[in-house]
Structure formats: structure tokens, C-alpha cells
Amino acid sequence: MDLLTAPFRYEFMQTALIAGILVALICAPLGVYVVLRRMAFIGDALAHTVLPGLVVAYLNGWNLLGGALIAAVATALGIGWFSRRQALHEDTAIGILFTGMFALGILFISTVRSFKDFTHILFGYILGVTTEQILLMSAITVIVLATLVALRKEFELTSFDPLYAEAIGLKADRLRYVLLVLMALAVVAAIQAVGVVLTSALLVVPAAAATMLTNRLPRMMVVAVGVAVIAAFTGLLLSFYFDVASGALIVLVCIALFLVAWFTRLVRDRLRAAHQRTQGVSP
Amino acid sequence: MHLPYGGSRHTESDTTAPALMFDDVCVTYPGSQRHALCNVTACAQLGSRVALLGPNGSGKSTFLKVAIGLLPIDGGSVRVFGQPVGTAMHRIAFLAQRSEIDWRFPISLRRLVATGRHVHLGWLRQPSRGDIAIVDLAIERLGLTDLADRQIGQLSGGQQQRALLARALAQEADLLLLDEPLNAVDAATRDIMTQTIRDLHAAGKTVIVATHLHDDLEFEYDAIIRLSAGTIVQDRAPATASALPVAGATRKDVA
Chain Z
225 MDLLTAPFRY EFMQTALIAG ILVALICAPL GVYVVLRRMA FIGDALAHTV
275 LPGLVVAYLN GWNLLGGALI AAVATALGIG WFSRRQALHE DTAIGILFTG
325 MFALGILFIS TVRSFKDFTH ILFGYILGVT TEQILLMSAI TVIVLATLVA
375 LRKEFELTSF DPLYAEAIGL KADRLRYVLL VLMALAVVAA IQAVGVVLTS
425 ALLVVPAAAA TMLTNRLPRM MVVAVGVAVI AAFTGLLLSF YFDVASGALI
475 VLVCIALFLV AWFTRLVRDR LRAAHQRTQG VSP
Chain A
47 MHLPYGGSRH TESDTTAPAL MFDDVCVTYP GSQRHALCNV TACAQLGSRV
97 ALLGPNGSGK STFLKVAIGL LPIDGGSVRV FGQPVGTAMH RIAFLAQRSE
147 IDWRFPISLR RLVATGRHVH LGWLRQPSRG DIAIVDLAIE RLGLTDLADR
197 QIGQLSGGQQ QRALLARALA QEADLLLLDE PLNAVDAATR DIMTQTIRDL
247 HAAGKTVIVA THLHDDLEFE YDAIIRLSAG TIVQDRAPAT ASALPVAGAT
297 RKDVA
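Chains as they are written, first to last, in our numbering: chain Z, 225 to 507; chain A, 47 to 301.
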């Protein structure tokens with residue numbers, strides 16, 4: 225038991241754990257919509273396109289998260305705008321914006337002599353989270369969760385039946401923009417923990433694990449948060465003892481939990497099918 | 047506080063105006079040259095049951111989507127209860143084809159039916175006890191009470207179709223637009239839905255049913271609008287149809 229709690233006597237470990245829990249609270253419930261609405265690619269793209277924002281902010285000594293936020297929101301709106309005209313498929317629009325912005329970010333990085341400073345941006349540095357960043361993450365947590373609760377019935381309806389939503393005057397497009405902006409906020413928070421390259425994992429993997437285990441939306445969000453919190457805790461602990469990259473470990477624990485959930489689902493479906501066969505009930 | 051989704055809720059609409067009035071309507075889909083609807087003039091009187099007939103691709107779905115304001119028109123005019131489209135959204139219920147919905151979404155049948163109340167609630171407001179009673183009654187009328195807590199993907203095709211009609215009932219609309227409601231459903235669903243449409247008619251509602259097959263209401267429709275390649279080929283009242291020598295033949299070629 226001491227093995228589990230001892231590392232968290234250090235203040236930097238406590239701060240890192242708080243950051244991990246906040247990121248879980250932001251990314252996991254939002255991730256459920258990302259998974260159900262098949263927006264995983266857009267999530268990954270958003271995470272990558274914040275790079276130029278981060279680099280420009282770093283080079284000018286501005287607030288990093290502010291720079292990332294501007295870039296992410298600009299991308300979210302840009303993707304919506306490009307694909308709205310239907311001349312371009314959405315995934316193509318994403319592919320262009322995503323790689324273009326990422327390349328721009330790398331170009332900016334290459335103007336600086338020391339590349340090392342940017343490894344934290346690319347791969348995350350949850351152990352170095354500052355109090356200021358915790359406050360910003362808390363603000364993002366409140367905004368994301370409050371919006372998800374307040375617009376729950378609208379997000380639900382536009383997710384499974386956009387046509388009916390439009391028929392009653394509820395613009396599915398606008399709800400999608402709101403979701404994209406929330407995703408941009410989530411990405412900005414998650415980059416602290418796992419970095420640009422792995423951020424989309426936190427949006428997709430815990431939610432994907434939850435979809436294996438339940439078919440009720442609120443429960444799915446709670447399970448996803450649980451998975452993400454366990455992953456943050458376990459990842460931090462392992463990185464403390466083995467002195468390896470915390471961001472990568474957090475993501476790998478997420479994936480391991482997903483595999484467990486996936487296997488559980490597989491076994492449960494098999495058992496149910498076998499049960500129905502013996503009962504002579506057709507599925 | 048009431049924040050409606052879109053359009054204002056006009057209540058002072060003309061009580062003598064037809065439920066739906068198409069006057070010389072033309073529609074073109076974005077990026078297409080061909081008219082999806084061309085010079086369509088049609089009318090559904092208050093409290094009537096209208097069949098919208100025609101083969102697949104003849105413009106039936108387009109017709110319904112225009113009436114509900116999902117598609118802009120290039121020319122002509124559309125009036126719903128004498129008002130421009132989009133001003134009386136709570137009074138029109140649209141029942142899309144089943145394939146338009148993501149049935150894997152983790153939501154229960156009851157919550158799906160409850161979305162029929164959204165147009166009355168608007169932003170931020172949650173269903174009241176009264177709303178939930180309306181929803182439960184609609185579920186009961188379509189024989190779905192035992193399935194109310196099922197995830198919508200675990201329902202059969204017929205049950206899904208009934209759930210959509212239950213939502214239309216929960217919306218308490220005066221004009222119902224049903225897109226192929228009896229397409230590929232089981233006999234029990236067919237009976238329940240046919241009876242529900244009769245009940246709606248008895249309650250004074252206007253019902254427009256797009257269909258490409260004979261259905262049990264065949265001899266009960268007050269009017270038939272027959273579409274072919276986006277234009278009206280026939281618009282008549284079946285009551286007078288018996289006077290037409292070809293009435294039987296035209297019925298047959300519907301199928």
C-alpha cells in the first residue's frame with residue numbers, strides 16, 4: 225500500500241496527479257462524443273495543429289496555453305468552415321489543415337537552436353505542471369463539464385438524429401462547432417499531460433473502453449473518466465519507480481485498460497450468444 | 047424563460063388555411079443541375095390524409111424535406127398552416143426513414159421518444175413531469191411500454207419505426223409527415239401504425255404519408271399526390287377516383 229501512496233508525498237507528484245485527474249475529467253466525457261460521432265481523426269488533428277501556436281507563444285514569452293488555445297480554436301472553426309461547402313470531404317480538409325499547421329510548427333521550432341525545450345511540448349511533461357496551469361485546467365474543466373450538462377439533450381439529438389434536429393430548428397452544424405471548440409480546450413489541457421503527439425489518445429481511448437462496457441450515455445462518461453483517472457494514477461506511479469516518460473505510460477495504461485474492456489465485451493457477447501442458443505431464442 | 051431553437055412560434059396562424067400548400071415549387075440539390083422537384087403544386091387540406099406516391103427517386107422525400115424546411119426552394123412558395131416554412135416548427139412532425147438515424151447511439155427508447163418534446167422545451171429547459179407523462183402515453187399507444195428502457199439499437203426494425211411514430215405523437219404536432227413509415231416492418235407494427243394514423247385522423251390531425259407500396263390505408267386516403275421524376279403526374283381525390291375508368295389500373299401500377 226505504501227508503494228502506491230509514498231510517491232505522492234512529493235509535491236510535484238501531487239500536482240501531477242491533480243493535473244491528471246483534471247485532464248481525465250475534461251477529455252473522457254467529451255471523448256465519448258468524439259467516439260460516438262466518429263470524430264477521432266479531428267481530435268488528433270486538433271492536437272497537432274496547436275503546435276505553431278505553442279511555439280510562437282514560447283518564442284515570444286507569452287502564455288503557452290493561450291497560444292495553443294488560439295491555434296486550436298482557429299483550426300476547429302477552419303475545419304468546420306472548409307468542409308461546410310462540400311467541395312472538399314471533411315477528412316481531406318482535416319488532413320490538409322492538420323499537416324499544414326504541424327509543418328508550420330516544426331518550421332518555427334527549427335528556427336531555434338535548442339530543440340530540447342520542445343520535447344516537453346511534443347511529449348508532455350506532467351511532472352512540471354505549474355500552479356498557474358492547474359488553475360487554467362480547472363477553468364477548462366468547469367467550462368467543458370458545464371457545457372456538456374447544459375446542452376446534453378441537444379448534443380444527444382444532433383449526434384444520433386441530425387435530420388430531426390434540423391427539422392425542429394436545432395442547427396446541427398452549430399452544435400458541432402461548440403463541440404469542436406470544447407475539443408480545442410480539452411486538447412490544450414491534455415497537452416500538458418501527454419504532449420501534442422499523444423493527446424488524442426486521451427480523447428479516444430478511455431471513451432472507446434467505456435463504449436465496450438455500457439450502452440447508456442451518462443454511465444459511459446463516468447466509466448471513461450474512471451479509466452482515464454486510473455491511467456493517470458498508474459502511469460504517474462510507474463514513471464516514478466521506473467524513471468520513464470510519464471505521458472507515454474499514461475497512454476499505454478489507457479490502451480491496456482481498453483484491451484481489458486474489449487476482451488470483457490467479447491466474452492460477455494459470447495456467453496450471451498451461447499445462453500440464447502441453449503434457450504432456443506434467436507437474437 | 048423560454049429559448050426556442052429557431053424561428054418564432056407563431057400562434058395566430060390562419061385557422062382556415064390548408065395544412066400544407068405547395069405553389070409551383072422547384073428544388074435543386076446543391077451541386078446538381080437537375081431539378082429534384084419541378085413546378086410542384088399541391089395542397090393538403092386541414093384534417094386530411096394524403097398519400098404521396100411514386101417510385102424511389104421520384105422526389106417524395108424531397109417533397110417532405112421541403113415542407114419541413116430542411117431544403118431551400120429555388121422558386122415558388124410553400125405555406126404551412128398559411129405561414130412561411132420554419133415559423134411553426136412545433137406544429138409539424140417529421141418522421142424520417144429509419145436509415146437516417148444512428149441506431150447504435152447509447153440512448154434508451156424513452157429518451158428517443160422524449161426528443162419529441164425538445165421543440166417545445168428549447169434550450170436549457172428539461173422535460174417536466176407533464177412532458178414525461180406525454181412521452182409515456184405515446185410509448186404506450188404504440189405498444190412499446192415494455193421496451194422503454196431498451197437501447198434503441200436492440201429494437202427490431204418495426205419497433206424502431208414505432209418508436210419514431212411515438213416521438214411524432216409526443217411532439218403533439220398538427221401536421222405529420224411520414225416518410226415510408228410502413229416500409230419493411232412486421233405485421234404487428236403495420237397494424238398498430240395503421241390504427242395510430244386512423245386515430246390521428248379522428249383527432250383532426252393532417253397526415254401525409256410517402257409510400258411506394260399499397261398499404262392498409264389505401265382506400266382511406268382523402269387525396270393522392272403522385273410524383274414522377276420530381277413532377278406531379280396526378281393529384282386527385284380518391285373519392286372521385288371511382289368515376290375514372292383507369293382508377294383500378296393506376297392503383298395497381300403503384301406497387
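Even glycine gets a Cβ: it sits at the ideal position worked out from N, Cα and C.
Task: Separation of L99 (chain A) from I271 (chain A), as counted between CA atoms - done: Sequence index remark: in the second sequence, residue 271 (chain A) carries index 225 (1-based). Sequence index remark: in the second sequence, residue 99 (chain A) carries index 53 (1-based). Straight-line Cα distance between these residues: approximately 6 Å.
Open item on the list: Let me see if you follow: with CB-CB separation under 9 Å, is F384 (chain Z) close to chain A or not?
Closed with: What you label residue 384 (chain Z) is simply residue 160 of the first sequence in a count that begins at 1. Closer than 9 Å: yes.
TODO: Report buried or exposed for F342 (chain Z), applying the criterion of at least 16 other Cβ atoms within 10 angstroms of its Cβ.
DONE: Reading the first sequence from its first residue, position 118 is the one you call residue 342 (chain Z). With 16 or more Cβ atoms within 10 Å of its Cβ, F342 (chain Z) is classed as buried.
Open item on the list: List, in chain order, every chain A residue whose beta-carbon is nearer than 7 Å to that of L444 (chain Z).
Closed with: Here residue 444 (chain Z) corresponds to residue number 220 of the first sequence, with the count starting at 1. Reading the sequence as shown, one finds Met at residue 444 (chain Z) and not Leu. Per Cβ cutoff of 7 Å: P152.
- [ ] Could you pull the start and end residues of the alpha helix (DSSP H) that G93 (chain A) belongs to?
- [x] Sequence index remark: in the second sequence, residue 93 (chain A) carries index 47 (1-based). Here G93 (chain A) belongs to no alpha helix (DSSP H), and DSSP marks it neither H nor E.
- [ ] Have a look at R501 (chain Z) and L155 (chain A) and give me their C-alpha separation to the nearest angstrom.
- [x] The count along the first sequence starts at 1 and reaches residue 501 (chain Z) at position 277. The count along the second sequence starts at 1 and reaches residue 155 (chain A) at position 109. About 26 Å.
- [ ] Determine whether the Cβ of S167 (chain A) lies closer than 9 Å to any Cβ atom of chain Z.
- [x] Within the second sequence, residue 167 (chain A) is the residue found at index 121, counting from 1. At residue 167 (chain A) the sequence reads Leu, which differs from the Ser that was named. So, interface residue.
Open item on the list: When you compare the CB positions of A300 (chain Z) and G277 (chain Z), do they come within less than 9 Å of one another, or not?
Closed with: Counted from its first residue, the first sequence places residue 300 (chain Z) at position 76. Counted from its first residue, the first sequence places residue 277 (chain Z) at position 53. No, the pair does not count as a contact, with Cβ atoms beyond the cut-off.
TODO: Report the neighbours of R492 (chain Z) on chain A: residues whose CB is nearer than 8 Å to its CB, in chain order.
DONE: Locating residue 492 (chain Z) in the first sequence gives position 268, counting from the first residue. Simply none; closest approach about 14 Å.
- [ ] Go ahead and pull the three-state DSSP assignment for P253 (chain Z).
- [x] Residue numbering aside, residue 253 (chain Z) sits at position 29 when the first sequence is read from its first letter. Helix.
Open item on the list: Here's the rule: buried if 16 or more other CB atoms are within 10 angstroms of the residue's CB, otherwise exposed. What is Q207 (chain A)?
Closed with: Here residue 207 (chain A) corresponds to residue number 161 of the second sequence, with the count starting at 1. With 16 or more Cβ atoms within 10 Å of its Cβ, Q207 (chain A) is classed as buried.
Open item on the list: To the nearest angstrom, how far is the alpha carbon of S107 (chain A) from that of D385 (chain Z)?
Closed with: For the purposes of this step, residue 107 (chain A) is identified with residue 61 of the second sequence, where counting begins at 1. For the purposes of this step, residue 385 (chain Z) is identified with residue 161 of the first sequence, where counting begins at 1. C-alpha separation (whole angstroms): 16 Å.
- [ ] Just tell me which of A:V165, A:R171, A:L49 and A:V159 has its CA closest to the CA of T191 (chain A).
- [x] Walking along the second sequence from the start, residue 191 (chain A) turns up at place 145. Of the listed residues, the one whose Cα sits closest to T191 (chain A) is A:V159.
Task: Buried versus exposed call for R376 (chain Z) [16 or more other C-beta atoms within 10 Å across all chains shown] - done: Within the first sequence, the letter at position 152 stands for residue 376 (chain Z). By the neighbour-count rule (16 or more Cβ atoms within 10 Å), R376 (chain Z) is not buried but exposed.
Open item on the list: Give me, in chain order, the residues of the same chain whose beta-carbon lies closer than 6 Å to that of V256 (chain Z); leave out the 5 immediate sequence neighbours on both sides.
Closed with: Your numbering for residue 256 (chain Z) matches position 32 in the first sequence. Taken in chain order, the residues that qualify are A431, M444, M445 and A448.
Task: Residues that DSSP places opposite T277 (chain A) in a beta bridge - done: Working through the second sequence from its first residue, we reach residue 277 (chain A) at position 231. Answer by DSSP bridge pairing, in chain order: A:S274.
- [ ] Tell me, please, whether the CB atom of G304 (chain Z) is closer than 9 Å to any CB atom in chain A?
- [x] Within the first sequence, residue 304 (chain Z) is the residue found at index 80, counting from 1. Output row for G304 (chain Z): interface = no.
- [ ] Rounded to whole angstroms, what's the CA-CA distance from M361 (chain Z) to L289 (chain Z)? Just pull it up for me.
- [x] Within the first sequence, numbered from 1, the residue matching residue 361 (chain Z) stands at position 137. Within the first sequence, numbered from 1, the residue matching residue 289 (chain Z) stands at position 65. Each residue's Cα considered, the two are about 10 Å apart.
Task: 8 Å Cβ shell around S112 (chain A) - same chain, five flanking residues per side excluded - done: Taking the second sequence and counting its residues from 1, one reaches residue 112 (chain A) at position 66. According to the sequence as given, residue 112 (chain A) is Val; it is not Ser. The residues are F68, V71, V73, L83, I119, V124 and V131.
Task: L141 (chain A) - DSSP class collapsed to helix/strand/coil - done: Here residue 141 (chain A) refers to the residue found at position 95 when the second sequence is read from its first residue. Correct three-state label for L141 (chain A): strand.
- [ ] Sort out for me which residues DSSP pairs R125 (chain A) with in a bridge.
- [x] Stepping through the second sequence from its first residue, residue 125 (chain A) is reached at position 79. A:M67 and A:P130.
TODO: Verify the CB distance criterion: does R400 (chain Z) have a CB-CB separation below 9 Å to chain A?
DONE: Mapped onto the first sequence, residue 400 (chain Z) falls at position 176. Chain A contact via Cβ: absent.
Open item on the list: Applying the 10 Å Cβ sphere with the 16-neighbour rule, what's the burial state of L210 (chain A)?
Closed with: Looking up residue 210 (chain A) in the second sequence gives position 164. By the 10 Å Cβ count, L210 (chain A) comes out buried.
Task: Where the beta strand (DSSP E) containing T62 (chain A) begins and where it ends - done: As a position in the second sequence, residue 62 (chain A) is number 16, starting the count at 1. Element bounds for T62 (chain A): n/a, residue is neither H nor E.
TODO: Thinking H166 (chain A) and A219 (chain A) are a contact (beta carbons under 8 Å), I'd like their distance in whole angstroms, please.
DONE: In the second sequence, the residue the question calls residue 166 (chain A) occupies position 120. In the second sequence, the residue the question calls residue 219 (chain A) occupies position 173. No, H166 (chain A) and A219 (chain A) are not in contact; Cβ-Cβ is about 10 Å, not under 8 Å.
- [ ] With DSSP collapsed to three states, give me the class of D299 (chain A).
- [x] What you label residue 299 (chain A) is simply residue 253 of the second sequence in a count that begins at 1. Its pLDDT being 38, under 50, D299 (chain A) is placed unreliably in this model, and the coordinates cannot settle the point.
- [ ] Please determine if the stretch 237-250 of chain Z and the stretch 280-294 of chain Z are in contact, where contact requires at least 3 C-beta pairs separated by less than 8 Å.
- [x] no
Task: Chain-order list of residues whose beta-carbon lies under 6 Å from that of I350 (chain Z) (same chain, five-residue window excluded) - done: Numbered from 1 along the first sequence, position 126 holds the residue referred to as residue 350 (chain Z). Cβ within range, chain order: A240, A243, A417 and S470.
Task: Contained alpha helix (DSSP H) runs [length at least 4] in the stretch 357-408 of chain Z, N- to C-terminal order - done: 376-384 and 386-391
Open item on the list: Closer than 8 Å is the cut-off here; do at least three beta carbon pairs connect the stretch 470-479 of chain Z with the stretch 255-271 of chain Z?
Closed with: no
Open item on the list: Check whether chain Z comes within 9 Å of Q129 (chain A), counting only Cβ atoms and requiring the distance to be less than that.
Closed with: One-based indexing of the second sequence puts residue 129 (chain A) at position 83. It does not: the Cβ of Q129 (chain A) has no partner Cβ on chain Z nearer than 9 Å.
- [ ] Compare the C-beta of I242 (chain Z) against all C-beta atoms of chain D and say whether one is closer than 9 Å.
- [x] Among the protein chains of the structure shown, namely Z and A, there is no chain D.
Open item on the list: What are the residues in the stretch 385-396 of chain Z lying within 9 Å of chain A by C-beta distance?
Closed with: D385, P386, L387, Y388, A389, E390, A391, I392, G393, L394 and K395
TODO: For E378 (chain Z), decide whether its Cβ has a neighbour in chain A, counting only Cβ atoms nearer than 9 Å.
DONE: Along the first sequence, one-based indexing puts residue 378 (chain Z) at 154. By this cut-off, E378 (chain Z) is an interface position.
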